[in-house]
Structure formats: structure tokens, C-alpha cells
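All remarks here apply to the structure that follows.
Residue numbers (my numbering), protein chains in the order written: chain A, 1 to 218; chain B, 1001 to 1117.
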């Protein structure tokens, strides 16, 4: 933008900021503001040469531009997607960050507890039982990572991300159930049977989601 | 000034007016605005608001292209230049205008006494 070294530059920039206030940022808006500022400044200077002072000249320059409402509407349309996205981003980015932190902590907690129980010579069921934290943490991390906007990807919509989280949760849960059943019953075939149900459900859901996704690349 | 040009009448010609200026050399917003006033013999002013909307439309349709000029004391100027497609469009519009002007003249001022039915 203009170097705001003179009061006139500041006045022009303030006017344009006010005119386009509430319009979502876009490259086009940025460019248009600079274009208008440069031209408006030159026009003000021309009017000043007729003997008006800064203020009067600036006011007359603005008035004689005509109604810029159409341009503002144009810019609003362009900025809308960006604006909605920024609101979404700032709020959901924080939720997503919290989700990742908590999820990772849950996974670590599960792993440590499991290891601890193992060395305490706990039963197989107890050692595997602590894995439920890994299941919950895994689902939470999945959801949080997918709803996060990164430099080259848009955030996934929340329902879809939740479904992904459920599918990952089911897959992890199936392994968890398998281990617990294995140690509880001592029978491998029962373990496989209980793995199967959740594993199939999780895989089905995961495949359905993966095959229907929209491109989130920027 | 005896007459006036209604916005309705000028609306369809804003683009052609801008193309006519740009086909004779690159220019930027405020300069184009001043050129139009000068071309009209100080009789007509096309509002800058109208011009900037037209620039956006013309650029979107690839009839003109823009580039930034060097930084001056007032900031960078955004220059416009006409494209090949813009030139073709201008020539067609000029032909259409000559044809329309001729016909409209007859329709608006013509007397019925010499008309063959």
C-alpha cells in the first residue's frame, strides 16, 4: 500500500479501509485498494491545484468517483469464501490443536500404563485393557488432524472427519477386543471372531469414506 | 449543454469507449477518466466507479490485461493494455455502432413523406 508518510495518504487509506470494511480479504481486494489509492491521490492533487485545501479536495475527489457500491459487492463475493473459512479456521484450529494434544497424551498414557502393568506382572487382560486409551486417543487424533487447515490443504468437514475418526476407532477397537478376548478366554478363535466384527465395520466405513472424498488440496 | 446522455444510452458503450482509448496506448484508471472527459470536449464525464467495474469485466473477458507500473510518489499505478481479442471486439463494436447510428437516425428523425410502403 501507500507509504503513510503524509496525512493525505492516511486519509485515503482510512477511507478505503472503511469503504471495504467487513469485506473478506482477497488478492483482488488488496490490488483494487492499491489501484484506487494511487488514482485517488492523483485526482486529489489535481483538484488541489484549483485552489482547494487537502480536506476539500479529497472530499470532492471521493464524491466525484461515483457510487462504488458495485465494486464493494464484487469484492464481497470474492472474499466471502475466504471470510467464512477464516472464522472456521481460527475457532476450529484451536479445537483441533487441543484434540491432537489430548489424543497424543491419551495414546501415550495407554502405552505407558500397558507397559507398567506388563512389568508389574499384571495379567494379559490388564495389559491389553490399558489399550482402550490408545483407541480413544487414536480416534481423537484422527478427527483433529483432519479438521485442521494446513498450508496446502483445507480442513475436512466435521461430519466426514467424525466418520473417519469412528472408522479408525473401530479398527483400533477391534485389535483391542482381540487382545483382551485372547487373554480372557485363552482361545485364539474367539479372539479372531471378535476382531472380525469391528475390523470389518471399520474397514467398510474407511473404504467408503476414502473412495468418496473431495479434493482438499489448495 | 442542450442535451444529456442517459445512463441507459451510454451503458452498452462503456466497454467500447475504454477499448478505443486503450487501443491507442496503455493507460491507468484516472488517466482514462480524464481522457474520456477530454474526448467528449468536456461535455461528458464517465464516473470512475463505472470505469473500475468495467475494467474488471473487460479483464475477466480477456479484452484487456493489466500490469503494475513503477512505484511513484503516490504508490503503484495499475496500467491496462488492450489484448488481441480486445482489438477484434473493438472493431466489431465500431461496425455495429456505425450501422446502429445510421438506422437510429432514420428511425428517430425520419419523416414519413418519402417512405415507400
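Cβ coordinates follow ideal geometry from the N, Cα and C atoms, glycine included.
Given the structure is predicted, the values throughout are model-derived calculations rather than measurements.
Identify every residue that forms a DSSP beta bridge with residue i.
| i | result |
| --- | --- |
| residue 1081 of chain B | B:1065 |
| residue 1027 of chain B | B:1080 |
Could you have a look at residue i and say whether DSSP puts it in helix, strand or coil?
| i | result |
| --- | --- |
| residue 6 of chain A | coil |
| residue 164 of chain A | helix |
| residue 1070 of chain B | strand |
| residue 148 of chain A | coil |
| residue 59 of chain A | helix |
| residue 1052 of chain B | helix |
| residue 1075 of chain B | strand |
| residue 1 of chain A | Legend: pLDDT at residue 1 of chain A = 42, less than 50; position of this residue unreliable, value from coordinates given subsequently. Coil at residue 1 of chain A, not helix or strand. |
| residue 184 of chain A | helix |
| residue 96 of chain A | helix |
Should residue i be flagged as near chain B, meaning a C-beta pair shorter than 8 Å?
| i | result |
| --- | --- |
| residue 37 of chain A | yes |
| residue 2 of chain A | Unreliable placement is indicated for residue 2 of chain A, whose pLDDT of 43 sits below 50; no coordinate value is reported for it. |
| residue 42 of chain A | yes |
| residue 60 of chain A | no |
| residue 78 of chain A | no |
| residue 71 of chain A | yes |
For the alpha helix (DSSP H) that contains residue i, what are its first and last residues?
| i | result |
| --- | --- |
| residue 1020 of chain B | 1014-1022 |
| residue 271 of chain A | With chain A represented from 1 up to 218, any question about residue 271 of chain A goes unanswered, as that position is not in the structure. |
| residue 30 of chain A | 27-48 |
| residue 21 of chain A | Element bounds for residue 21 of chain A: n/a, residue is neither H nor E. |
| residue 193 of chain A | 188-212 |
| residue 1007 of chain B | 1007-1011 |
Within a Cβ cutoff of 6 Å, which residues of the same chain sit near residue i, ignoring the five residues on either side of it in sequence?
| i | result |
| --- | --- |
| residue 138 of chain A | 168, 172 |
For chain A, check one thing: does any of its Cβ atoms lie closer than 8 Å to the Cβ of residue i?
| i | result |
| --- | --- |
| residue 1014 of chain B | no |
| residue 1077 of chain B | yes |
| residue 1044 of chain B | no |
| residue 1027 of chain B | no |
| residue 1011 of chain B | no |
| residue 1049 of chain B | yes |
| residue 1040 of chain B | no |
Within 7 Å: the Cβ of residue i and any heavy atom of the ligand ADP?
| i | result |
| --- | --- |
| residue 1003 of chain B | You won't find the ligand ADP in this model; it holds no ligand whatsoever. |
Leaving out the 5 sequence neighbours to the left and right, which residues in its chain are closer than 7 Å to residue i when beta-carbon positions are compared?
| i | result |
| --- | --- |
| residue 199 of chain A | 171, 174 |
| residue 1087 of chain B | 1023 |
| residue 57 of chain A | 44, 47, 48 |
Give me, in chain order, the residues of the same chain whose beta-carbon lies closer than 8 Å to that of residue i; leave out the 5 immediate sequence neighbours on both sides.
| i | result |
| --- | --- |
| residue 206 of chain A | 164, 167, 168, 171 |
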